[in-house]
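Note sheet for the following structure.
Numbering (our numbering), first residue to last: 441 to 784.
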């Protein structure tokens, strides 16, 4: 049977002497092994993973200030109610779509321009015009995405003062990046990426942007880490998970829902989940969370491909709309799609 997480109950023998055992909690993959190093392909100069066997491990540890979360300050939360659906705008379009809310991916805002890594717009109005949105549209910055884009942000965000530049764009909320945690990677890589996501959230918060954390987890011990963080940060009630890659399979999504549900029960406070690409779970979300928001780009991409939302039933139907304006189609599609989400 293929395994999708470190969900075994027995800690590997080699973990007992590992200096990171307290931070990691142990390697618990079913099928066993001496330690998390067993499945490393090779230790070569080309390897860019964080690993205790590498000479630059200390540098990686210093880069994130250790693998714990005790250096993360209070994180401001967005104010006011949030909708159950917010559309993702995947790239700039012409027009002015009068949406109340919209999501723009981090990798679409940040780019290189004549060698400088900076937002594609310098002002809130300029950013909204670039993406075909009204000046009053409230924007969510989506930090999740493909590894290449969010890794580029990590490499350059400090020297380019990216957080301060983003704060000038009047963002209502920013969702922290989901740095990858592959099961074949050694656990120090997981711990490093877990902390990097929190550090990006910290930088945005310090710049004045309300944030949602991304509790990336492949092990029960990772969930314990995030529960500990939430317990020490009662101001944090917004969390995000992405359901298009790692949690795309229903059994994996259910596993994540179960953990978050138990965490909020033990904390004694309800969490608001930003569910990225989770329209298929629109009936499950109300059973687990009092408030939630689905984020996806379906209405946008259908509009770009000249499709219009038509019938609404268990599935939403899309008709051809050749020759129609993309902005008009997008606005119509968002309305119909939102209705479909609300109807479950």
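All C-beta atoms in this analysis are idealised placements derived from N, C-alpha and C, irrespective of residue type, glycine included.
Because the structure is a prediction, the values reported are computed rather than measured.
- Only residues of its own chain outside the window of five on either side were considered, and among them 621 have a CB closer than 6 Å to the CB of residue 630, listed in chain order.
- Put simply, the backbone Cα of residue 678 is about 29 Å away from that of residue 536.
- Contact between the region 516 to 525 and the region 552 to 565 is absent: fewer than three C-beta pairs spanning the two stretches fall below 8 Å.
- The beta carbon of residue 643 lies closer than 6 Å to those of 603 in the same chain, with the five residues before and after it left out.
- In its chain, beyond the 5 residues on either side, 633, 636 and 637 have a beta carbon closer than 6 Å to the beta carbon of residue 619.
- In the three-state DSSP reduction, residue 620 falls in the coil class, being neither helix nor strand.
- Looking at the DSSP output, residue 557 sits in a beta bridge with 552.
- Sequence-distant Cβ neighbours of residue 509 in its own chain, meaning closer than 8 Å and more than five residues away, are 635, 638, 665, 668, 669 and 672.
- DSSP places residue 714 in the strand class (E or B) of the three-state scheme.
- Your pair residue 777 and residue 739 checks out as a contact, with CB atoms roughly 5 Å apart and the cut at 8 Å.
- In the displayed model, residue 572 falls within coil according to three-state DSSP, outside both helix and strand.
- Residue 567 and residue 582 have their C-alpha atoms spaced approximately 15 Å apart.
- At the C-beta level, residue 541 and residue 564 stay beyond 9 Å of one another.
- Selection 758, 520, 743 and 784 evaluated against residue 613 yields 520 as nearest (Cα-Cα).
- In this structure, residue 683 places its C-beta atom within 9 Å of the C-beta atom of residue 716.
- Residue 641 is positioned such that its CB atom lies closer than 9 Å to that of residue 512.
- Just measuring C-alpha positions, the residue of 538, 490, 734 and 737 sitting nearest residue 624 is 490.
- Within the DSSP bridge table, the entry for residue 527 names 736 as partners.
- Contact between residue 628 and residue 504 does not hold, since the beta-carbon distance rounds to 11 Å and is not under 8 Å.
- Pairing residue 758 with residue 770, the inter-Cα distance amounts to about 12 Å.
- Boundaries for residue 709: no beta strand (DSSP E) harbours it, and the DSSP string shows neither H nor E there.
- CA-to-CA, the gap between residue 701 and residue 600 works out to about 38 Å.
- 9 Å or more divides the Cβ of residue 528 from the Cβ of residue 549.
- The C-alpha of residue 467 lies about 49 Å from the C-alpha of residue 576.
- Looking only at 486, 501 and 487, the smallest Cα-Cα distance to residue 459 is reached by 501.
- Counting C-beta atoms within 10 angstroms of its own C-beta, residue 456 has fewer than 16 neighbours from the protein chains shown and is therefore classed as exposed.
- When rounded, the separation of the alpha-carbon atoms in residue 495 and residue 486 is 13 Å.
- Note on geometry: alpha-carbon atoms of residue 488 and residue 525 lie some 37 Å from one another.
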